[in-house]
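Sequence order for the protein chains is W and D.
Okay, so the first sequence: first residue is 1 according to my numbering, each after it adds one.
Okay, so the second sequence: first residue is 225 according to my numbering, each after it adds one.
Protein chains: 2
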Amino acid sequence: MTQATGNTRPGGRTARTREAVHAAVRELLAASPDTTIGLPEVAARAGVHPATVYRRWRTAEALLLDVAFTDVSERSPVPATGDLRADLLTYAHGLAEAVVRPGGLGLIRAYIAAMADPVLGLAGADALGRPRMEQFQAMLDAAGAVELTPVDVFEMIHSPLYIAAMILNGRPRPDDPAMPGDPGRLVATVLAVLASRRAAARDDTGDQEPPRPRRGPSQDTGSR
Amino acid sequence: MTQATGNTRPGGRTARTREAVHAAVRELLAASPDTTIGLPEVAARAGVHPATVYRRWRTAEALLLDVAFTDVSERSPVPATGDLRADLLTYAHGLAEAVVRPGGLGLIRAYIAAMADPVLGLAGADALGRPRMEQFQAMLDAAGAVELTPVDVFEMIHSPLYIAAMILNGRPRPDDPAMPGDPGRLVATVLAVLASRRAAARDDTGDQEPPRPRRGPSQDTGSR
DNA sequence: TCGTTAACGCAACTCCCTTCGCGTTAGAAT
DNA sequence: ATTCTAACGCGAAGGGAGTTGCGTTAACGA
Numbered sequence: 001m002t003q004a005t006g007n008t009r010p011g012g013r014t015a016r017t018r019e020a021v022h023a024a025v026r027e028l029l030a031a032s033p034d035t036t037i038g039l040p041e042v043a044a045r046a047g048v049h050p051a052t053v054y055r056r057w058r059t060a061e062a063l064l065l066d067v068a069f070t071d072v073s074e075r076s077p078v079p080a081t082g083d084l085r086a087d088l089l090t091y092a093h094g095l096a097e098a099v100v101r102p103g104g105l106g107l108i109r110a111y112i113a114a115m116a117d118p119v120l121g122l123a124g125a126d127a128l129g130r131p132r133m134e135q136f137q138a139m140l141d142a143a144g145a146v147e148l149t150p151v152d153v154f155e156m157i158h159s160p161l162y163i164a165a166m167i168l169n170g171r172p173r174p175d176d177p178a179m180p181g182d183p184g185r186l187v188a189t190v191l192a193v194l195a196s197r198r199a200a201a202r203d204d205t206g207d208q209e210p211p212r213p214r215r216g217p218s219q220d221t222g223s224r
Numbered sequence: 225m226t227q228a229t230g231n232t233r234p235g236g237r238t239a240r241t242r243e244a245v246h247a248a249v250r251e252l253l254a255a256s257p258d259t260t261i262g263l264p265e266v267a268a269r270a271g272v273h274p275a276t277v278y279r280r281w282r283t284a285e286a287l288l289l290d291v292a293f294t295d296v297s298e299r300s301p302v303p304a305t306g307d308l309r310a311d312l313l314t315y316a317h318g319l320a321e322a323v324v325r326p327g328g329l330g331l332i333r334a335y336i337a338a339m340a341d342p343v344l345g346l347a348g349a350d351a352l353g354r355p356r357m358e359q360f361q362a363m364l365d366a367a368g369a370v371e372l373t374p375v376d377v378f379e380m381i382h383s384p385l386y387i388a389a390m391i392l393n394g395r396p397r398p399d400d401p402a403m404p405g406d407p408g409r410l411v412a413t414v415l416a417v418l419a420s421r422r423a424a425a426r427d428d429t430g431d432q433e434p435p436r437p438r439r440g441p442s443q444d445t446g447s448r
């Protein structure tokens with residue numbers, strides 16, 4: 001998407017400046033909880049001329065998204081061991097840590113802003129969110145949690161952690177369960193909804209059946 | 225907080241310019257889904273000199289917060305009829321509508337940004353959020369839902385709706401329950417958690433007791 | 001090794017946000 | 001009605017973000 005004309009030069013000097021600029025963005029994001037970074041400031045720290053940064057990324061928003069997308073592509077895997085509680089806890093703790101880590105919040109803001117881009121519409125949001133949704137579908141499939149969807153996980157895990165991170169804004173979160181964004185409580189919410197929907201499904205298909213998982217691996221994923 | 229020196233003049237011309245500027249902010253927020261508004265632009269639309277806006281609010285962020293705070297103070301009541309499901313549904317539908325309404329998202333961003341202000345720390349976030357939390361405590365008290373806290377409501381209702389609104393960014397939400405931010409599903413989540421915690425409480429205090437609410441009004445708030 | 005040209009450095013320029021000093025208007029109190 | 005002065009209007013000036021034309025460097029293919 002960089003250029004429509006013939007060939008490009010992704011290696012050598014171009015790759016070095018790209019890495020230098022990305023590193024500068026991460027450092028600036030980590031240095032200040034503020035999410036607004038100036039392109040001239042980035043260029044200065046990267047040892048690159050501002051015009052170069054403007055030509056390659058055009059706007060600060062696009063640069064932030066580039067860094068965020070690079071991070072998501074190589075970091076933060078979604079576990080799928082078949083143990084729903086353990087998988088959710090692992091992921092939620094990792095996300096809670098990543099979201100408070102210096103600079104982590106700025107990248108998430110950029111990601112959300114990209115999904116909210118009006119020119120792309122819902123298609124843009126879908127294109128950015130779909131890979132992640134498929135990974136969570138794999139996690140749910142492995143656990144046999146057919147009553148849940150990736151949207152449920154997004155609403156009950158990601159949304160509270162993102163909002164809590166925005167309010168915390170880089171400050172360390174006191175690990176008080178009464179504070180918003182407690183990973184254990186969020187995971188318990190998902191499991192409670194799963195149990196509720198399974199109970200509702202039993203009521204619909206017949207009240208006399210014994211309560212057991214409908215399909216999937218044999219371990220119990222619904223309760224402690 | 226406006227001035228430490230003697231007397232001020234809240235009425236007359238000052239009040240008129242304040243109203244004009246507030247109205248201009250709302251109009252600009254409604255006109256463009258963009259959340260970044262320029263103070264000179266606001267001043268021009270309000271028929272006020274830019275220097276006046278700069279002197280009174282110093283920064284765009286402070287102006288946004290002033291408008292947002294004014295709105296929250298006079299709009300959006302929290303119902304507390306004793307029927308938890310009905311109260312939550314009423315509030316969630318209203319919030320879902322307010323958050324997508326033109327300009328609504330910008331004000332919420334300003335509110336969150338204010339809570340995230342580093343100079344105020346957690347104290348600032350607490351001061352801004354506490355009044356709302358107390359209103360939700362009243363709603364839970366009226367319904368006898370002692371197993372829930374306002375933080376639960378915030379995590380399960382507000383957070384998903386805010387994030388969904390940020391991704392939607394003013395675009396109309398297709399009322400597909402599979403899309404993030406469906407009020408009915410969010411309310412059902414709260415009720416499922418309530419039922420789960422009541423069941424856990426019964427297991428702790430003794431397994432043989434008949435399953436009935438621990439206290440509060442007689443109507444059932446836990447299941448459909 | 002050599003030629004082509006994509007990508008970069010440089011500098012000057014434009015634009016607009018933001019501030020400041022000063023004179024004027026109009027609340028609020030006597 | 002008169003006085004005091006907070007709040008506003010006005011214009012000028014500062015400063016930083018963003019853009020553009022041109023020369024230079026170096027990546028890639030032959």
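Just so you know, even glycine gets a beta-carbon here, dropped at the ideal spot from N, CA and C.
*asked:* On the CB-based measure, 16 or more other CB atoms within 10 Å of its CB, does E74(W) come out buried or exposed?
replied: exposed
*Can you grab the Cα-Cα spacing for the pair D444(D) / L28(W), in whole Å?*
Legend: pLDDT at D444(D) = 47, less than 50; position of this residue unreliable, value from coordinates given subsequently. Approximately 53 angstroms between the Cα atoms of the pair.
*Using a beta-carbon distance below 8 angstroms, is A346(D) in contact with chain W?*
Reading off the sequence shown, one finds Leu at residue 346(D), where the question assumed Ala. So yes, L346(D) belongs to the interface.
*For R395(D), which residues in chain W fall below 8 angstroms Cβ to Cβ?*
P118, G121 and L122
*Using the beta-carbon of each residue, which ones in chain D are nearer than 8 angstroms to V151(W)?*
A402, M403 and P404
*Just the chain D side, please: which residues come within less than 7 angstroms of I167(W) by C-beta, in chain order?*
I336, M339, A340 and A349
*asked:* For D399(D), which residues in the same chain have their Cβ closer than 7 angstroms to its Cβ, ignoring the five residues on either side in sequence?
replied: none
*asked:* List, in chain order, every chain D residue whose beta-carbon is nearer than 7 angstroms to that of F154(W).
replied: P404
_V151(W) vs L88(W) beta-carbon contact at 8 angstroms_ = no
*Cβ neighbours of I381(D) in the same chain (closer than 6 angstroms, five flanking residues each side left out)*: Within the same chain, I381(D) has close Cβ partners A316 and L410.
*Is S442(D) buried or exposed, if buried means 16 or more other CB atoms sit within 10 Å of its CB?*
In this prediction, S442(D) has a pLDDT of 44, which is less than 50 and means its spatial position is unreliable; nothing more can be read from the coordinates.
*Of all the CB atoms in chain W, is at least one closer than 8 angstroms to the CB of P257(D)?*
Answer yes: the Cβ-Cβ gap between P257(D) and chain W drops below 8 angstroms somewhere.
*According to the neighbour-count rule (16 or more other Cβ atoms, all chains shown, within 10 Å of its Cβ), is R130(W) buried or exposed?*
That one is exposed.
*Any chance the region 76-87 of chain W sits against the region 134-147 of chain W, with 3 or more Cβ pairs inside 8 angstroms?*
yes
_So A270(D) and A248(D) are supposed to be a Cβ contact under 8 angstroms. How far apart are they, rounded?_
4 angstroms
*If V324(D) and A244(D) are in contact, beta carbons under 8 angstroms, what's the gap, nearest whole angstrom?*
Rounded, the Cβ-Cβ distance is 26 angstroms, inconsistent with contact.
*asked:* For R269(D), report the span of its alpha helix (DSSP H) as first-last.
replied: Per DSSP, R269(D) is one residue of the alpha helix (DSSP H) stretching across L263 to A270.
*If you draw a straight line from the alpha carbon of R232(W) to that of L161(W), how long is it in whole angstroms?*
There is simply no residue 232(W) to check, as chain W begins at 1 and stops at 224 in what is shown.
_Cβ-based contacts, 9 angstroms cut-off: residues of the region 293-316 of chain D near chain W_ = none
*Excluding the five sequence neighbours on either side, which residues of its own chain have a C-beta within less than 6 angstroms of the C-beta of A334(D), listed in chain order?*
L288, L289 and A292
*F154(W), enclosing alpha helix (DSSP H) - first and last residue*: Neither: F154(W) is in no alpha helix (DSSP H) and is coded neither H nor E.
*Check L89(W) in the structure and name its three-state DSSP category.*
helix
*Interfacial residues, the region 269-282 of chain D to chain W, with Cβ spacing under 9 angstroms*: Result list empty, no residue passes.
*Would you mind working out which of A424(D), P401(D) and A416(D) sits nearest V377(D), comparing C-alpha positions?*
It is A416(D) whose Cα lies nearest to the Cα of V377(D).
*Spell out whether any CB of chain D is found under 8 angstroms from the CB atom of I108(W).*
Not closer than 8 angstroms to any Cβ of chain D, the Cβ of I108(W) fails to qualify, so no.
_Going by DSSP, what residue range makes up the alpha helix (DSSP H) through T13(W)?_
In the sequence on display, residue 13(W) carries Arg and not Thr. Segment R13 to A31, the alpha helix (DSSP H) holding R13(W).
_So, with DSSP's three-state summary, where would you put S297(D)?_
Under the three-state reduction of DSSP, S297(D) is assigned to helix.
*Would you verify that the beta carbon of T189(W) is, or is not, closer than 8 angstroms to some beta carbon of chain D?*
yes
_Residue environment, A239(D), which counts as buried when at least 16 other CB atoms sit within 10 Å_ = Exposed is the call here.
*Can you pull the chain D residues whose beta carbon is under 7 angstroms from the beta carbon of P160(W), in chain order?*
E379 and S383
_Residue interval of the alpha helix (DSSP H) (run including E147(W))_ = Neither: E147(W) is in no alpha helix (DSSP H) and is coded neither H nor E.
*What residues from the region 191-205 of chain W come within 7 angstroms of chain D, judged by C-beta to C-beta, listed N to C?*
A192, V193, A195 and S196
*Given S420(D) as reference, the closest of I391(D), E371(D), T429(D) and P401(D) once Cα atoms are compared*: E371(D)
*Using a Cβ cut-off of 8 angstroms (strictly closer), state whether I387(D) contacts chain W.*
Chain W, which has a Cβ nearer than 8 angstroms to the Cβ of I387(D), makes this yes.
*Output the distance between the C-alpha atoms of M339(D) and A286(D), rounded to the nearest integer angstrom.*
12 angstroms
*Could you have a look at P177(W) and say whether DSSP puts it in helix, strand or coil?*
Of the three classes helix, strand and coil, the one that applies to P177(W) here is coil, per DSSP.
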